[in-house]
Ligand code: ATP
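Written as structure tokens, this is what we have:
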């Protein structure tokens with residue numbers, strides 16, 4: 493468990509709250525433990541109870557003969573408060589501490605059999621997500637998420653970034669090609685945001701210089717893959733006065749190094765124990781590969797690499813490229829650069845040279861892959877009004893979206909001296925997938941949202 497503030501948390505005003513992992517500090521003392529009863533071993537007048545809280549498990553010894561029937565009537569997963577004395581167990585196989593029980597108070601009986609003991613039905617896990625999340629390795633995912641977010645925030649604050657909370661309801665359409673959820677809004681039609689980017693750019697235009705936001709976004713993506721959800725969390729960073737997307741990649745390298753080293757320190761051993769993966773802190777620089785080299789490296793040809801949808805990298809190509817980076821550079825992270833401008837959103841800055849020579853134009857953008865999973869898209873944004881206006885016209889955007897939203901609210905900002913800037917978004921649930929070796933984004937979402945999944 494990560495370090496906690498030293499002041500104890502009172503479970504009720506007179507009871508000091510102690511976690512199981514801290515019991516060794518209380519040997520010889522009388523304590524109250526709050527947790528779940530998970531099982532029982534019987535001897536003649538003794539009962540050995542297994543107790544669990546979010547920090548671990550411990551054995552408690554109840555001495556009869558009084559009250560044995562009450563102890564025997566306990567159902568697994570009942571919430572209990574056990575009062576007793578902490579001591580070293582008679583035998584080392586029972587751990588480093590045990591509790592000599594004085595009294596047991598049942599705070600809530602669990603129905604027996606528990607849904608988790610019954611034959612699993614299809615769909616049983618999401619239905620009983622509360623029980624699913626009682627498993628220590630499931631709780632660990634969210635402890636790690638908390639640490640990651642806190643470390644990212646600490647890193648950003650240390651570099652003078654300002655934290656923002658942008659609106660999640662917007663009138664805009666899908667300016668980056670991702671599909672949106674529409675919702676009725678006082679007689680008009682609004683959407684849920686699919687990226688905070690517009691607002692982060694607004695902050696750049698306003699002179700905020702460096703901003704970030706860690707928050708939800710919504711994508712109406714009907715395609716079900718283990719990496720896609722319809723609601724997920726993005727950590728978005730946007731920065732002004734950059735020279736190119738190289739500045740952003742350097743920032744992201746530092747950010748990930750810092751955040752992952754904090755995770756390794758606090759949770760490395762638990763992650764290895766529960767998930768069998770070592771936390772990797774990426775050495776820098778992370779290798780860069782240009783997309784123009786990708787077809788050759790994946791051995792799949794252009795169609796097999798970027799698919800038909802105009803330059804969007806196929807997942808199997810992402811995996812092949814990650815494998816290549818591991819073999820060639822010994823690195824599980826990889827920046828992909830050199831995306832053709834027409835495969836990126838219209839606001840992406842284009843490289844200058846080849847355009848005039850009539851060659852395909854490359855963009856100042858990048859993706860970051862880790863262990864075959866795309867974590868990030870980012871890039872320098874076009875900040876010069878006239879060029880942005882040209883790029884917007886060339887992009888063939890829906891007229892309605894352009895006229896109602898993009899021209900008056902987005903393009904307009906670039907008439908007022910907007911500094912050069914750019915940014916990137918890290919998909920937090922995907923970062924956790926790669927970090928913890930999880931096969932699906934369902935495992936790294938507190939409560940998953942996907943097509944047809946909107947309960948509980
Ligand atoms: P993909 O090609 O994998 O669908 P994308 O290129 O559409 O992703 P971006 O729009 O660049 O993704 O979003 C930034 C980041 O947000 C991605 O790199 C990824 O980490 C995360 N992300 C994107 N779509 C999803 C989704 N549907 N579910 C979970 N995370 C996502």
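In my numbering, the protein residues as written are 493 to 948. A virtual CB, placed ideally from N, CA and C, is assigned to each residue, including glycine. Computed from a predicted structure; not experimentally measured.
Cβ-Cβ separation, residue j to residue i (assumed contact under 8 Å), whole Å
i           : j           : result
residue 914 : residue 883 : Not really, about 15 Å apart at Cβ, beyond 8 Å.
residue 752 : residue 772 : 7 Å
residue 854 : residue 843 : 5 Å
residue 696 : residue 738 : Actually they do not touch by this definition, with Cβ atoms about 18 Å apart.
residue 862 : residue 835 : 21 Å between Cβ atoms; not a contact.
residue 535 : residue 569 : Not a contact, Cβ separation roughly 23 Å.
residue 575 : residue 594 : 5 Å
residue 747 : residue 774 : Rounded, the Cβ-Cβ distance is 11 Å, inconsistent with contact.
residue 936 : residue 633 : 6 Å
residue 512 : residue 559 : Incorrect: roughly 23 Å between the Cβ atoms, too far for contact.
residue 789 : residue 821 : Actually they do not touch by this definition, with Cβ atoms about 12 Å apart.
Beta bridge counterpart(s) of residue i as assigned by DSSP
i           : result
residue 542 : 531, 551
residue 573 : 526, 597
residue 579 : 590
residue 781 : 828
residue 731 : 702, 914
Test item: CB-CB of residue i and residue j under 8 Å
i           : j           : result
residue 813 : residue 786 : yes
residue 526 : residue 573 : yes
residue 590 : residue 553 : yes
residue 705 : residue 688 : yes
residue 928 : residue 754 : no
residue 585 : residue 519 : no
residue 891 : residue 841 : no
residue 656 : residue 709 : no
residue 750 : residue 833 : no
residue 867 : residue 924 : no
residue 631 : residue 546 : yes
residue 718 : residue 557 : no
residue 781 : residue 918 : no
residue 745 : residue 778 : yes
residue 912 : residue 732 : yes
residue 712 : residue 671 : yes
residue 906 : residue 860 : no
residue 491 : residue 685 : A query on residue 491 cannot be resolved here, the shown segment of the chain reaching from 493 to 948 and no further.
residue 740 : residue 916 : yes
residue 903 : residue 831 : no
residue 555 : residue 538 : yes
residue 889 : residue 898 : yes
residue 606 : residue 623 : yes
residue 933 : residue 759 : no
residue 528 : residue 571 : yes
residue 577 : residue 592 : yes
residue 516 : residue 551 : no
residue 583 : residue 767 : no
residue 864 : residue 810 : yes
residue 714 : residue 948 : no
residue 567 : residue 604 : yes
residue 887 : residue 838 : yes
Discussion item. Please give the ranges of any beta strand (DSSP E) in the segment 650-729, keeping only runs that are unbroken, at least 3 residues long and fully inside the region.
Written reply: 674-677, 680-684, 702-710
Item to complete: Note down, one range per segment and in chain order, each beta strand (DSSP E) of at least 3 residues found wholly within the segment 889-946.
Response: 913-919
Worksheet item: Curious, which full-length alpha helix (DSSP H) runs of at least 4 residues does the segment 822-873 contain?
Response: DSSP runs (the alpha helix (DSSP H)) wholly in the segment 822-873: 845-848.
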